[in-house]
Amino acid sequence: MLTGIYMEDGKVVHFVTPLETSRTDSSKITESDFQSFLGSDHPHWFIYKYGVSDEEFRRLPRGTCTTTQSEDTKSVLQRAHEALRQGFGQFNLVGCNCEDFAVYCKTGQRCQTSGQYLSALRRIQAARQAAATGYKNPIVYAGCVLGWFTASDFGNQPNSTNDEKE
Numbered sequence: 001m002l003t004g005i006y007m008e009d010g011k012v013v014h015f016v017t018p019l020e021t022s023r024t025d026s027s028k029i030t031e032s033d034f035q036s037f038l039g040s041d042h043p044h045w046f047i048y049k050y051g052v053s054d055e056e057f058r059r060l061p062r063g064t065c066t067t068t069q070s071e072d073t074k075s076v077l078q079r080a081h082e083a084l085r086q087g088f089g090q091f092n093l094v095g096c097n098c099e100d101f102a103v104y105c106k107t108g109q110r111c112q113t114s115g116q117y118l119s120a121l122r123r124i125q126a127a128r129q130a131a132a133t134g135y136k137n138p139i140v141y142a143g144c145v146l147g148w149f150t151a152s153d154f155g156n157q158p159n160s161t162n163d164e165k166e
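FYI, full-length UniProt numbering numbers position 164 of the sequence shown as 164, with every residue one higher than the one before it.
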């Protein structure tokens, strides 16, 4: 999932990752036109939500919202322009990624750990818990990876009477 700041005149300021530059030591903030930003592989887009309630935050997928309020448009655009000139640091999945950049521009706060990263960790935890409790079906693992299940869906005790649960 790509995350950026929509500017004026159909432009988006966003992180270009090492995968996009084909260089592991290269990442930068750049400005692209909206259609190039989306690309042909990702024609759909959504608006990241700011200032959601705690209840809504727990209900929505990680990496799609924050409880922190967005600041005024002028401040947001000023931070994005500043990052274009000065950079945002080396890309890092855990704490300096596309989502972190956009949240910083919108709120002025740098994240410690991104929602996308935490979501991935939760999915790994769910798959591990499924295996530990006796669920060995590939469909269950796929459900964990896709975020359909959480670790709590599998309880805490391994099932010693059934080698494979459906």
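Don't be surprised by glycine CBs; every beta carbon is placed ideally from N, CA and C.
The structure presented is a predicted model; accordingly, all values stated were derived computationally and were not measured.
Measure the alpha-carbon distance for residue i versus residue j and round it to whole angstroms.
{"i": "K28", "j": "F57", "result": "29 Å"}
{"i": "L2", "j": "A131", "result": "31 Å"}
{"i": "I124", "j": "P138", "result": "14 Å"}
{"i": "F101", "j": "S152", "result": "31 Å"}
{"i": "N92", "j": "E82", "result": "20 Å"}
{"i": "G63", "j": "N97", "result": "11 Å"}
{"i": "V16", "j": "T30", "result": "7 Å"}
{"i": "D54", "j": "C65", "result": "11 Å"}
{"i": "V140", "j": "R128", "result": "11 Å"}
{"i": "G39", "j": "L19", "result": "15 Å"}
{"i": "Y6", "j": "K136", "result": "44 Å"}
{"i": "R110", "j": "E99", "result": "10 Å"}
{"i": "D41", "j": "S22", "result": "18 Å"}
{"i": "A142", "j": "T107", "result": "35 Å"}
{"i": "V103", "j": "S70", "result": "8 Å"}
{"i": "E8", "j": "F154", "result": "47 Å"}
Hey, residue i and residue j: beta-carbon distance below 9 Å or not?
{"i": "R85", "j": "C105", "result": "no"}
{"i": "T67", "j": "G89", "result": "no"}
{"i": "F34", "j": "V13", "result": "no"}
{"i": "G87", "j": "F37", "result": "no"}
To which residues of the same chain is residue i closer than 8 Å at the C-beta, ignoring the five residues directly before and after it?
{"i": "L60", "result": "K49 and V52"}
Taking 9 Å as the CB-CB cut-off, is residue i touching chain D?
{"i": "T66", "result": "The structure shown has no chain D; it contains just one protein chain."}
Residues in the same chain with beta-carbon distance under 7 Å from residue i, minus the five sequence neighbours each way, listed in chain order, please.
{"i": "G10", "result": "D33 and F34"}
{"i": "N162", "result": "Its pLDDT being 42, under 50, N162 is placed unreliably in this model, and the coordinates cannot settle the point."}
At a cut-off of 8 Å, would you count residue i as near the ligand SAM, judging by its Cβ distance to the nearest heavy atom?
{"i": "V13", "result": "Within the structure as shown, the ligand SAM is missing, as the structure has no ligands at all."}
Could you tell me which uninterrupted beta strand (DSSP E) segments, each at least 3 residues in length, are contained entirely in the UniProt domain "LRAT" (1-114), listed from first to last along the chain? 4-6, 11-16 and 28-33
Validate contact between the region 40-55 and the region 73-92 using beta carbons, cut 8 Å, 3 pairs: no
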